[in-house]
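Working notes for the structure below.
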Amino acid sequence: MRTTQGETQVNRLIRTMAGGTLGTLLAMTGIAPAQADDTAAPTPNAPTAVTLWMRSPDTYHWAPISFAYTDPDSSSVTATPFEIRNSDGTLVHTATPTHTARSAQTGIAGSWGITWDGTSNGAWVPGGTYTVTTTLTDNSGHATPTSAQITLEAVPPATMQVVPTGTTNVLDFVATPPEGVQLRDCSAMSTKYYKWQWDGSVGDDGTCHTLVDASALPAGEHTIAPNISRWTPINYRPYVPPPITITVVDGGAPTVVAPADVTAYRSRATAYETKNLEYTVSDNSLVDGVAWVTDAAGTTVLPEQVLPRQPKHTFTWNGSVDDHALPPGAYTVHSRFTDAYGNTTDGSPVTLTLRDANPVEQLQPTDGESVLMGEVPIEFRPASAPTETVTRIRVVLLSTACCGGPLDGYLQSRYIDAPDADGNWRMRWPVGDVEAGDYDLYNEVTWQDPSGASHAFTTGKRAVRVDPVTIPLTIDATSDAPDTADVAIETSSPHSEDLDVTIDWGDGTSPEHHTVSSPYQSGTDRSHSYARGGSYTTHVTVTGSDTSSSASDTVTVAGDGNAVTPAAPTGVTATRGNQTLAVAWTAPDGPVSSYTVLWTADGSSWTSKSVPGTTTTLTGLVNGRLYAVAVRAVNAAGQGALSPVVYARPDAVPPPIASVKGTARSKSALISWTSGTVTASYGRPTGFVVQRYRASDARWVTVRTVGVSTRSVTIKYLTPGTPYRFRVRATNDVGVGTPSPTVRVRPTR
1 MRTTQGETQV NRLIRTMAGG TLGTLLAMTG IAPAQADDTA APTPNAPTAV
51 TLWMRSPDTY HWAPISFAYT DPDSSSVTAT PFEIRNSDGT LVHTATPTHT
101 ARSAQTGIAG SWGITWDGTS NGAWVPGGTY TVTTTLTDNS GHATPTSAQI
151 TLEAVPPATM QVVPTGTTNV LDFVATPPEG VQLRDCSAMS TKYYKWQWDG
201 SVGDDGTCHT LVDASALPAG EHTIAPNISR WTPINYRPYV PPPITITVVD
251 GGAPTVVAPA DVTAYRSRAT AYETKNLEYT VSDNSLVDGV AWVTDAAGTT
301 VLPEQVLPRQ PKHTFTWNGS VDDHALPPGA YTVHSRFTDA YGNTTDGSPV
351 TLTLRDANPV EQLQPTDGES VLMGEVPIEF RPASAPTETV TRIRVVLLST
401 ACCGGPLDGY LQSRYIDAPD ADGNWRMRWP VGDVEAGDYD LYNEVTWQDP
451 SGASHAFTTG KRAVRVDPVT IPLTIDATSD APDTADVAIE TSSPHSEDLD
501 VTIDWGDGTS PEHHTVSSPY QSGTDRSHSY ARGGSYTTHV TVTGSDTSSS
551 ASDTVTVAGD GNAVTPAAPT GVTATRGNQT LAVAWTAPDG PVSSYTVLWT
601 ADGSSWTSKS VPGTTTTLTG LVNGRLYAVA VRAVNAAGQG ALSPVVYARP
651 DAVPPPIASV KGTARSKSAL ISWTSGTVTA SYGRPTGFVV QRYRASDARW
701 VTVRTVGVST RSVTIKYLTP GTPYRFRVRA TNDVGVGTPS PTVRVRPTR
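Numbered according to UniProt numbering, the sequence shown terminates at residue 749, and the numbering increases by one at each position without gaps.
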């Protein structure tokens, strides 16, 4: 058959690829591929000499034995079982190797190897020099024998000797290495009492000494396990010598050194300061100790208490029994110590004096103040005849919520670091940064006794409720002249910020506006002159950054008796809400005692209500229905003219979000949602808020506010791996809709 030039080129490719994928394709076309020639045997790379060091008197540390290879033809290579022979050629061990593939970047095709621990069929192989052999064969039959040398180091790295030290039950375990061996470290431990172990060190002469103090072990025979490690050319290897038996002798009754006498001051209503009386006990066996307390008459007030052994026998007590503090006075602490053989020693009695402490008296808040609002005044007065010098006072609010709720364990505190000039300790606490809820209020007083030693006293707890929103406000309107009234105002801000104060004197004149600092107490410097006599309601409104408070008081002035009906109110507005309208207006000139607000939905039947100020809210209305609203002022002379009518439709908050989806991304979360369906002419959303909940915050936080056309946002700067919950709420000018179902997202890295 004639061979074309194209076929010749194909055959060359096939010879190069040795019958690979292309050869398979050509075979399908009927063109026979040429066979590639395998002309080279694999090249082994024998390991350097391998040494197995002794691990114990009858074991070695295992070591890997591996032959790497290259093969120019990139064919498969197999290895015969590894044979290990001694110096006279006797076979002592065989093993089947395992193959490890190598990266082509290293130039090594692979390796065959075994791991050997110096045994054959479970028997220990004697020390000496051995040869391991194998033959590497490629898939064309080209074979290459190879070998490596293995040394079994059967000489222990040290000999052990126990040397007495001259001290009872204290022995020196000495590890002496042979010539040429360098020790790294040594140690020993009891094989029964594992907590008793001792570390040694290598001396200048190369020997390693472990000082075994067995005096704490019970008398009798004990097995001690020594351990040493030696340096090798590439690393270090541990060696476990045979265990050594020692004998511990009984040293007699324990020796006890009792602590000095001590004084404990009252630290709270039910206890004194906790004192730790440490007894130094010496014995060559384990010693148990007990302690008990008697009063001045010798009556036992605290029965025997078992003393913990570590690090010293310690008696810990706070001067209380069954959670009740004992009366102040001198008490005696007795102790007794018994070793493992029944030898007993009584410790010297220790006098523990309990002393009362009453550093301060709390003046504010008083016991009757159960709700904390605005800037809460805190005041303490030092004891009338103090033996204590107060150095600092900490005021604490601890939430009484429980059971894993958002406020479980929530605590806020403030410090008073110095007294005022009169000696009293004062501060004002703006509670706007405290979460609303029920709390225990208590104080921690730090003080010094006459010797200069520092102590702490914690007062009893009082139940209070924190209102971080309301601005407290009290007013008192009085008249001390025929046509003049005064109003005294007392208020403060939960955030210690400036407040806007509006005073409406109730006679139709323009309200007064003042900006005051918190806390504010006006006295009677706010006064007003009335044009006519009569009874007037003074209305005061205090406004902060996010809330306000109002209060009213009525005052009667004499005047001249020339009263007329008021003019019509002006500037009437009606702001829509959910089934409500918020109505406001501007008072007319002249005295006004009240206002009548009228409204109707059909133009024929009017509903009315009387209000004292210039604002009110109409409730129980129908969303989407148009209402007409008007206002007239009233005073002693009668009803005034009706204001112009205004019109408004109540609206509703938007419906809940239909569905929410959360997708985890790198340090962020993609939140998308579908808006709820609105079929009526009210309740339509004008925007959305996205809220986040994290366990460490323990509350929902608004993280994004978007327009009504937005349906997805990406929340960034989240902590990878931390679980978050998200929800979405629709908003309009009436308010915020019901939260959507929550979605859980755990951001990735």
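Yeah, the Cβ is synthetic: ideal placement off N, Cα and C, and Gly gets one too.
Item to check | Within the UniProt domain "Fibronectin type-III" (653-749), ranges of the beta strand (DSSP E) (whole runs, at least 3 residues) | outcome: 659-665, 668-674, 687-694, 699-707, 712-715, 724-731, 743-745
Next on the checklist: By DSSP's criteria, residue 586 is part of a beta bridge. Which residues make up the other side?
Outcome noted: 570
Checklist entry - If you draw a straight line from the C-alpha of residue 91 to the C-alpha of residue 186, how long is it? => result In this structure, the CA atom of residue 91 is about 37 Å from the CA atom of residue 186.
Checklist entry - DSSP state of residue 577, grouped into three classes? => result Residue 577 falls in the strand class under three-state DSSP.
Checklist entry - If we count the other Cβ atoms within 10 Å of its Cβ and call it buried at 16 or more, is residue 346 buried or exposed? => result exposed
Checklist entry - Buried or exposed: which applies to residue 183, given that a residue is buried once 16 or more other Cβ atoms fall within 10 Å of its Cβ? => result buried
Item to check | Residues sharing a beta bridge with residue 489, DSSP | outcome: 475
Next on the checklist: Does the contact criterion of 3 or more C-beta pairs under 8 Å hold for the segment 624-636 versus the segment 656-665?
Outcome noted: Judged by pairs of C-beta atoms under 8 Å, the segment 624-636 does not touch the segment 656-665, as fewer than three such pairs exist.
Next on the checklist: To the nearest angstrom, how far is the alpha carbon of residue 173 from that of residue 146?
Outcome noted: 47 Å
Next on the checklist: Closest to residue 665 by C-alpha separation, out of 239, 719, 699, 329, would be which residue?
Outcome noted: 719
Checklist entry - Smallest Cα separation from residue 557: which of 300, 477, 272, 427? => result 477
Item to check | Presumed contact (8 Å Cβ cut-off) between residue 754 and residue 491, rounded CB distance | outcome: Past the edges of the chain, shown from 1 to 749, lies residue 754, and the structure says nothing about it.
Next on the checklist: Helix, strand or coil, according to DSSP, for residue 638 in the structure here?
Outcome noted: strand
Next on the checklist: Under 8 Å: do the segment 280-293 and the segment 194-212 share three or more Cβ pairs, one atom per stretch?
Outcome noted: no
Checklist entry - Which of helix, strand or coil does DSSP assign to residue 438? => result strand
Checklist entry - What do you get for residue 513, buried or exposed, if any count of 16 or more other CB atoms within 10 angstroms of its CB means buried? => result exposed
Item to check | Every unbroken beta strand (DSSP E) inside the segment 189-229 [3 residues or more] | outcome: 197-199, 208-213
Item to check | When 661, 650, 667 are compared against residue 733, the one with the closest alpha-carbon | outcome: 650
Checklist entry - Do three or more CB pairs link the segment 521-538 to the segment 589-609 at distances below 8 Å? => result yes
Item to check | Those runs of the beta strand (DSSP E) which lie wholly inside the segment 247-290 and span at least 3 residues | outcome: 255-257, 262-268, 275-282
Item to check | residue 433, DSSP secondary structure in three states | outcome: helix
Item to check | Where the beta strand (DSSP E) through residue 303 begins and ends | outcome: 300-307
Checklist entry - Do the segment 255-267 and the segment 352-370 make contact, defined as three or more Cβ pairs closer than 8 Å? => result yes
Item to check | Environment of residue 234 [buried if 16+ CB atoms lie within 10 Å] | outcome: exposed
Next on the checklist: With three or more beta-carbon pairs closer than 8 Å as the criterion, would you say the segment 106-115 touches the segment 57-72?
Outcome noted: yes
Checklist entry - For residue 63, which of helix, strand or coil comes out of DSSP? => result strand
Item to check | Segment contact, 8 Å Cβ cut-off, at least three pairs: the segment 640-650 with the segment 569-586 | outcome: yes
Next on the checklist: Can you tell me whether residue 364 is helix, strand or coil according to DSSP?
Outcome noted: strand
Next on the checklist: Less than 8 Å between the C-beta atoms of residue 678 and residue 731, yes or no?
Outcome noted: Contact: no.
Checklist entry - In chain order, what residues of the same chain lie with their CB nearer than 6 Å to the CB of residue 188, ignoring the 5 residues before and after it? => result 173, 198, 210, 212, 224, 226
Next on the checklist: Using beta carbons (cut-off 8 Å, strictly below), is residue 135 in contact with chain C?
Outcome noted: Annotation note: the requested chain C is absent from the structure, which comprises a single protein chain.
Checklist entry - Excluding five sequence neighbours on each side, which residues of the same chain lie with their C-beta closer than 7 Å to the C-beta of residue 381? => result 360, 361, 363, 424
Checklist entry - On the premise that residue 749 lies in contact with residue 715, defined as a C-beta separation below 8 Å, what is that separation, rounded to the nearest angstrom? => result No, residue 715 and residue 749 are not in contact; Cβ-Cβ is about 16 Å, not under 8 Å.
Checklist entry - So residue 151 and residue 143 are in contact, right, with Cβ under 8 Å, and what is the actual spacing, rounded? => result With 8 Å as the limit, residue 151 and residue 143 do not qualify as a contact, their Cβ atoms being about 27 Å apart.
Next on the checklist: Which residue wins for smallest C-alpha separation from residue 642, given the options 568, 671, 711?
Outcome noted: 568
Next on the checklist: Helix, strand or coil, according to DSSP, for residue 388 in the structure here?
Outcome noted: coil
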